[in-house]
Every structure is written in structure tokens, then in C-alpha cells.
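Here the structure comes first, spelled out in C-alpha cells, and everything after it is commentary.
Following this line, the structure appears as C-alpha cells:
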């Protein structure tokens, strides 16, 4: 295993791949919640899946903080501010994720579990969309040292 830092394009690709995997897991969790409501799935399995997804999200945010923050910090003059903003967003997301997870784990009915998972899904999909728009794009995470729009091009 190499200690060399990842190139910005590698960071971008890994984050995008992780986002697609998170979206797949989220879709599976939503199916599980629907099946629970219909009596085709066990409550404990759905709750464990939600708990596992929270762990995966923590690993994902740690990856972004370890690899994406340095890349966006060096991208341009706004890099340090972007990095501070991403750290603040992650702190808010962690707190929000924990509240949503507790609501799911403490839920007393399939309808409450399904509602909690729907809220989680909405939050995560919005976050992924915003993150890809503002941080995980070719303009910001590119391997070139020269900004592509230096002279308006």
C-alpha cells in the first residue's frame, strides 16, 4: 500500500464511486422498509441495515476529509474556505444522521421506521447532489496545476 497522496482526479472518481454505492445501499434500505410495512421483512434486519449504513457514511466522510479536503484546499484561492465549509457540513451531517438513526432504531412501528428511512434518504440524496455540484467536479478536482479558467477559457 502506497503512502503517496491520491491525485485530485483519483479522489473525484473514488468519491463518485462511493456516492453511487451509498445510493444503492439507500435504495435497498428503502425496499427493506417497504417490505417491513408489507410484512415481508423483519424489523431487526431493517434497523441493522440502517445502523450499518451510518457506519459506511462515517467511513465515507472520513475518506473525504482525508483525501478530498487537501485536494480542494489547493485547487484555487477559495480552497481553504471550501475546506472549512466541508468540515462544517460534515459536522452538521453527523449530528443529523445520528438523530435520524436514533429515530429509526427507537421506532415502534413499521410506519415509523419507513418514515425515518424516507427522511434519511431525502437528506442523503440532497447532500450527494450538493456535494457533487460544489466539490466533486472536474473543474475543482483536476490533476492540472494550471486553472482551466485563468484567461476566461
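Numbering (the numbering used here), first residue to last: 177 to 329.
For glycine and all other residues, C-beta sits at the position ideal for the given N, C-alpha and C.
Treat the numbers as computed from the prediction; the structure is a model and nothing was measured.
Looking at the secondary structure, which residues open and close the alpha helix (DSSP H) in which residue i lies?
i, result
"residue 197", "184–213"
"residue 253", "Looking at the DSSP string, residue 253 is not in any alpha helix (DSSP H), and its letter there is neither H nor E."
"residue 226", "219–239"
"residue 299", "286–310"
Please go through the same chain and pick out, in chain order, the residues whose beta-carbon is closer than 6 Å to the beta-carbon of residue i, but skip the five residues on each side of it.
i, result
"residue 281", "223"
"residue 177", "Confidence at residue 177 is low in this model, with a pLDDT of 49, below 50, so its placement is unreliable and the value that follows should be read with caution. If we look at residue 177 and ignore the five residues flanking it on each side, it has no Cβ neighbours."
"residue 258", "248"
For residue i, which residues in the same chain have their Cβ closer than 8 Å to its Cβ, ignoring the five residues on either side in sequence?
i, result
"residue 266", "237, 240, 241"
"residue 319", "183, 184, 185"
"residue 206", "293, 294, 297"
Regarding residue i and the ligand PLP, is the C-beta to nearest heavy atom distance less than 6 Å?
i, result
"residue 192", "In the structure on display, the ligand PLP does not appear, and there are no ligands present to speak of."
Between which residues of its own chain and residue i is the CB-CB distance below 7 Å, once the five residues before and five after are set aside?
i, result
"residue 316", "248, 251"
Shorter than 7 Å from the beta carbon of residue i to some beta carbon of chain B?
i, result
"residue 193", "In the structure shown, chain B cannot be found, because there is only a single protein chain."
Specify whether the stretch 202–212 and the stretch 293–313 touch according to this definition: at least 3 beta carbon pairs, one from each stretch, less than 8 Å apart. yes
If you pair each beta-carbon of the stretch 247–260 with each one of the stretch 190–198, do three or more pairs fall below 8 Å? no
Is the stretch 208–228 touching the stretch 302–314, taking contact as three or more C-beta pairs under 8 Å? no
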